[in-house]
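Residue numbers (our numbering): 1 to 48. Glycine included, each C-beta is placed from N, C-alpha and C at the ideal position. Below: one structure, written as structure tokens.
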């Protein structure tokens, strides 16, 4: 597995930020994982 920043996920998928969070809430996209105080909610799991 690889951890990607939200900006990278947007670039790779072409999805809007709001769509990514909506899909995560619906279980159609991986949930954000916290990496620390400054990076909380800013990363996503990505299966390589």
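| Asked | Found |
| --- | --- |
| Between the CA atoms of residue 25 and residue 9 - distance to the nearest angstrom | 16 Å |
| Per-residue DSSP class, three states only, for residue 9 | helix |
| When 14, 32 and 12 are compared against residue 21, the one with the closest alpha-carbon | 32 |
| Rounded straight-line distance, which links the Cα of residue 35 to that of residue 2 | 13 Å |
| Residue 42 (DSSP reduced to helix, strand or coil) | Below a pLDDT of 50, predicted positions are generally treated as unreliable, and residue 42, at 49, falls in that range; the measurement from the model is reported next regardless. Reduced to three states, the DSSP call for residue 42 is coil. |
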